[in-house]
Amino acid sequence: MDWYILFNIFDRLQSGVKALSRDGKMKKYLKIAKIVLKNAYIRDSKIIGNVTSNLLVSLTEVAITLTMFSTIFKNTDSLAGWNIYQVVFLYTLMKGITLINGVYARRGLADMAKKLIRTGEYDFYATKPVNSMFLVSMSKPKIYNLLTLFFVAILSVYCVVKSGMPISLVSIFFFVLFLLVGIILFYFINVVSVIPAFWFIRLFSLSDVVNRFTQLMRYPAGIYPMATKIVLFTIIPVLVVTYFPAWQLFNAPNYLYLLYAVIITLIFGIVANYLWKIGEKHYGSASS
Amino acid sequence: MNLISAKNISKKYSKLALDPDHIFRIQRIEKEAVAGFDLEIEEGEIVGFLGPNGAGKTTILKMLSGIIYPTSGEAIVMGQKNQLWWDLPAIDSFSLLKEIYEIPEAKYKKKLKTLMDVLSMHDIVNRRLRNLSLGERMKCELAACLLHEPKVLFLDEPTIGLDIITAQSIRNFIKEINKIQRCTIILTSHYMGDIEELCRRVVIINHGMKVYDGDFKALIKKYAPEKIVKINLGEKKDREKFAKIKIDKKIEDGVGIIKVPIKKLSGLAKEIFGKFNAEHITIQDPDTEDVIAKIYKGKELDIK
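Note that the protein sequences, when read in sequence, are chains A and U. Be aware that the first sequence starts at 0, since it is given in numbering that gives the first Met the number 0, and climbs by one per residue. Be aware that the second sequence starts at 0, since it is given in numbering that gives the first Met the number 0, and climbs by one per residue.
Rendered as structure tokens:
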């Protein structure tokens, strides 16, 4: 039964992707993404000082977090059954996903919350024959996040090796699947958090709350009380983003978890698109 | 063929605020920016939108271009409005727009070359937008607008802040593109020079309502049924002769000014050409801006 539902969902997703490919939309969106990223590279290559300082700040943050975990694990052997390497791996996963999100979406969405609606700059995105949610998200890529991501990826591989857990190829395959779903889900969570800007014009608080919840992605789910766990798996499902993939790497495949991750990602995707369209109708622009 | 058709479109802005009389009561404050606006524009027309600040011109333009949704009514438009990316050279924004509008490579190159030639912008497309002057940016904006050959072009004060020469080159370009592409153009401007030179038809908007829609020259004729006669009063005897003319008049910086109804012009002309040297006399139409200001101040226009 589980397999059947899972197969059905993947089949539908595949049909959707095929439909996009058939009418050339996928190609068009990929080309736009490529040009935006290329332009961002050209821009960033002229501000090396900014890139270097950002890298140093990010790596310092990683170092401080590692020190914190090291201190915690001097007082305990495990957190909810996870050893220090597994917990640090979970942290690198959180860091990696937020960095990837930052490469293409974070700053664009932050602009949406703070500026685009208030200043009327959203006009630009509203009039293009391209999905405005996509265009806003892609408007300010931060590709130098990839530099930090490189260091974080090395750290995560080191942690997996040192964790002492047996890792099978099947686990790695399912981990990658969970990771892809997690990246998409995290994007939609961020989108949903900025949509109220259409109504409230300028919005810091809600997207800031999501940023706070992001911090909870670095710990194993087992440490949270039941009520918190329910919230973090359903209403603001940040644990689906990191905990599921990490858990999957260290354990046998769990199709129900994967099914749940896919369903909740689809729900957030549909909700984000629907609310965005309603929000656009409330957009009042700004005076010229 | 109508390219733009708006039927009874309205836009209301509403917000919730505390009632100043009852502190615990929240009231909804509504402001009607546009009320029951109808408009039909044919392919290839250039139409000027006039109106004082806050009249609702930009709101109507944004409803027509699909940026904001009307509260009620229906607007069907074929066309779009554009904008460039601040941190990039215009050429990079152009290449992005090429993908967004799915313009074939050969057509894009040809179009870009034409636009760069017509707008003389070969030197500026590779410089970052933020390093360009306002006039240069405006040229790039126009080129970006026209890369995908839109059927409708919305221009919201296209010459604002530009020097006379750049403004004139932009106006020439708008005329040229209208001729070549049969592109329908709607523009708002506070500069009467733009309107006089580009638009045969104008729509005047005040308090969110259309108060006039028709021929620009007919409007001026109707609201300025007079000519202005100016006489250079360099010599004392001329000033004495001017004082004896029995009609409303004034002297500004040594120039005698008479506003004369067209019906009385021939009689007055006979008199002044008999009294003054012809080289010192000019007869001209009233300043368009003065006429428009008079219309804005008036309650309602009776020409429809």
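Yeah, the Cβ is synthetic: ideal placement off N, Cα and C, and Gly gets one too. Only a predicted model underlies this, so the values are computations on that prediction, with no experimental measurement involved.
Does the separation of the CB atoms of residue i and residue j fall below 9 Å?
i      : j      : result
U/I159 : U/S188 : yes
U/A5   : U/H206 : no
U/Y120 : U/K106 : At residue 120 of chain U the sequence reads Met, which differs from the Tyr that was named. Going by C-beta atoms, U/M120 is not nearer than 9 Å to U/K106.
A/Y220 : A/L231 : Tyr is not the amino acid found at residue 220 of chain A; the sequence shown has Ala there. It is a contact, given that the beta carbons lie within the stated cut-off.
U/F241 : U/I227 : no
U/K229 : U/T281 : yes
U/V210 : U/I185 : no
U/E288 : U/M208 : no
A/S136 : A/A104 : yes
U/V259 : U/I246 : yes
A/G181 : A/P244 : yes
A/K139 : A/G107 : yes
A/D122 : A/S284 : yes
U/L60  : U/F172 : no
A/N38  : U/W84  : yes
U/C144 : U/I45  : no
U/F48  : U/V202 : yes
A/T213 : A/V239 : no
Using three-state DSSP, classify residue i as helix, strand or coil.
i      : result
U/L15  : strand
U/M208 : strand
A/K27  : helix
U/L87  : coil
A/I289 : Nothing in the structure corresponds to residue 289 of chain A, since chain A is present only between 0 and 287.
U/R200 : strand
U/R181 : coil
A/T213 : helix
U/G213 : strand
U/Q79  : Any reading at U/Q79 must be qualified, since the residue scores a pLDDT of 43, below 50, and its modelled position is unreliable; the value itself is stated next. Of the three classes helix, strand and coil, the one that applies to U/Q79 here is strand, per DSSP.
U/D289 : helix
U/E251 : strand
A/V86  : helix
U/E101 : coil
A/K280 : helix
A/F267 : helix
U/T281 : strand
U/V259 : strand
A/W275 : helix
Along chain A, in chain order, which residues have C-beta atoms closer than 9 Å to that of residue i?
i      : result
U/G65  : A125, T126
U/E251 : Those within 9 Å of U/E251 in chain A number zero; the least Cβ separation is about 35 Å.
U/L95  : I31, I34, V35, N38
For residue i, return the contacting residues in chain A, with the cut-off set at a CB-CB distance below 7 Å.
i     : result
U/Y68 : K280
Note down the Cα distance separating residue i from residue j, rounded to an integer number of angstroms.
i      : j      : result
U/I164 : U/G134 : 10 Å
U/D212 : U/Y222 : 14 Å
U/Y12  : A/L55  : 47 Å
U/E195 : U/R181 : 19 Å
U/V76  : U/G43  : Note that U/V76 scores 48 on pLDDT, short of 50, meaning its location in the model is unreliable and no value can be drawn from it.
A/V175 : A/T91  : 15 Å
A/L274 : A/I153 : 38 Å
A/V209 : A/K45  : 32 Å
A/L215 : A/E60  : 16 Å
A/V261 : A/N189 : 17 Å
U/N7   : U/E41  : 18 Å
Taking C-beta pairs closer than 7 Å, name the residues in chain U that residue i reaches, listed in chain order.
i      : result
A/I182 : The contacting residues do not exist; A/I182 stays about 24 Å from chain U at best.
A/R42  : D86, L87
Looking only at DSSP bridge pairs, what is residue i linked to?
i      : result
U/G33  : Residue identity differs from the one stated: residue 33 of chain U is Val in this sequence, not Gly. U/K10.
A/L168 : Answer is none; A/L168 lacks a bridge partner.
U/F48  : U/T187, U/V202
U/N1   : U/E41
U/D155 : U/T187
U/R129 : Answer is none; U/R129 lacks a bridge partner.
A/L78  : A/W81
A/V230 : Answer is none; A/V230 lacks a bridge partner.
U/R27  : U/L15
U/N231 : U/V254
U/K109 : BP columns for U/K109 are empty, so no partner.
Residue i versus chain U: which residues are under 8 Å apart at the beta carbon?
i      : result
A/A283 : Checking the displayed sequence, the identity of residue 283 of chain A turns out to be Gly instead of Ala. In chain order: Y12, I67.
A/V135 : What A/V135 touches in chain U: nothing, since even the nearest Cβ is about 13 Å away.
A/V102 : Here the premise fails: no neighbours, minimum Cβ distance about 17 Å.
A/V129 : I99
Counting only Cβ pairs nearer than 9 Å, list the residues of chain U close to residue i.
i      : result
A/K27  : E98, I99, E101
A/R105 : By Cβ distance, chain U contributes nothing, its closest Cβ being about 17 Å from A/R105, past 9 Å.
Check the Cβ of residue i against every Cβ in chain A and list those closer than 8 Å, keeping chain order.
i      : result
U/K61  : D122, S284
U/D193 : Chain A residues near U/D193: none, gap ~15 Å exceeds 8 Å.
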